[in-house]
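Structure record follows, encoded as structure tokens.
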Amino acid sequence: MTRSVFRFLSRQPDPVEIASASYILRLPKTSDYRQWFQLRSESRAFLEPWEPTWRADEMTESAFRTRVIRNEQEFSSGQAVPLFLLSRAENELLGGLTIGYIRRGVAQCCMIGYWMGERHAGKGHMEQALRLALPYIFSSLQLHRVEAACIPENQRSIRLLEKVGFQREGYLREYLKINGHWRDHLMFSLLSQESAPARNLSI
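The numbering of the sequence shown is full-length UniProt numbering, which starts it at 1 and goes up by one.
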């Protein structure tokens, strides 16, 4: 195990909060349930075309608690960093961003996924969240490569990825089962040397 990997694993129990003047990215808490339930419920029709099929108990408080526990376990083991995006002034939940499938060894890469509440979409919030998360991925997690897979019809997500510097790499046939159907995806990536450092943020 290299020294950098040891440092990464040894600090996993510590809470993560990545903040700028306007936004906070942090791990979900059980106390977030009411905000999460309200935002996801009202955004269901907006989100379902781009997500795995919602389970029958998807929106229950017990399922949310289980999700938070699993998030903490994945974070502690160094597998993923699941984050909620909140506005700093109002402490309002806007959406979520997950740094997942973290691979060490010769790969040193991860996959990102994100969602945004419908009433907050199209306002630049997720662009700012990515600009906060990328320095954390490349500097704090010391990864080399970030990947993102996007359904070809999701033009909004494609424009977002390209705006923050991701490059389109290829076409993956029936890559993920989304909303009950195996869907083709476009693969995007960003390398550490291609990412501009963020300013005025704290970790």
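Note that beta-carbon positions come from the ideal geometry of N, C-alpha and C, so glycine has one too.
Which of helix, strand or coil DSSP assigns to residue i
i           : result
Thr66       : helix
Gln73       : helix
Ala149      : strand
Glu17       : strand
residue 209 : This structure leaves residue 209 out entirely; the chain is present only between 1 and 203.
Trp182      : strand
Ser195      : coil
Pro82       : strand
Leu93       : strand
Phe8        : Reliability of the predicted coordinates at Phe8 is poor, the pLDDT of 44 falling under 50, and the value obtained from them is presented with this limitation in mind. Phe8: helix per DSSP, three-state reduction.
Arg103      : strand
Arg119      : helix
Leu47       : helix
Thr98       : strand
Contact check, residue i vs residue j, beta carbons under 8 Å
i      : j      : result
Val146 : Ile112 : yes
Glu92  : Pro82  : no
Tyr33  : Glu61  : yes
Tyr114 : Gly95  : yes
Leu143 : Gln108 : yes
Pro15  : Asn179 : no
Leu97  : Leu25  : yes
Ser43  : Glu118 : yes
Ser22  : Gln128 : yes
Continuous alpha helix (DSSP H) stretch holding residue i: start and end
i      : result
Gln155 : 155-163
Glu127 : 125-135
Span of the beta strand (DSSP E) around residue i
i           : result
Gln35       : No beta strand (DSSP E) contains Gln35, which is instead part of the alpha helix (DSSP H) from 33-42.
Arg173      : 167-178
Met116      : 109-116
residue 280 : Here the chain comprises residues numbered 1 to 203, so residue 280 is not present and cannot be evaluated.
Proximity test, Cβ basis, 8 Å: residue i and chain C
i     : result
Ile24 : This model lacks chain C altogether, as it is built from one protein chain only.
Option in the options with minimal Cα separation from residue i
i      : options                       : result
Thr66  : Ile102, Ser31, Val16, Tyr175  : Ser31
Arg168 : Pro135, Ala148, Phe46         : Ala148
Tyr136 : Ser43, Ser192, Ala121, Gly117 : Ser192
Pro28  : Glu90, Gly122, Phe64          : Phe64
Glu153 : Gln38, Leu186, Phe84          : Leu186
Leu141 : Ala45, Gln155, Ala80          : Ala80
Phe138 : Trp182, Arg104, Met59, Leu47  : Arg104
Beta-carbon proximity list for residue i, same chain, < 6 Å, skipping 5 on both sides
i      : result
Leu172 : His185, Met187
Ile158 : Cys150
Asp57  : Ala63
Ile18  : Leu25, Leu132, Tyr136, Ile203
Residues near residue i in its chain [Cβ-Cβ closer than 8 Å; skip 5 each side]
i      : result
Leu134 : Val146, Val164, Leu190, Ser195, Ala198
Gly170 : Leu186, Met187
Sequence-distant residues of the same chain with beta carbon closer than 7 Å to residue i, five excluded per side
i      : result
Lys177 : Pro52
Arg7   : Only weak support exists for where Arg7 lies, its pLDDT of 44 falling under 50; the value from the coordinates is given anyway. Contacts found: none.
Arg36  : Correcting the residue identity first, residue 36 is Trp in this sequence and not Arg. Only Phe64, Leu93 meet the Cβ criterion.
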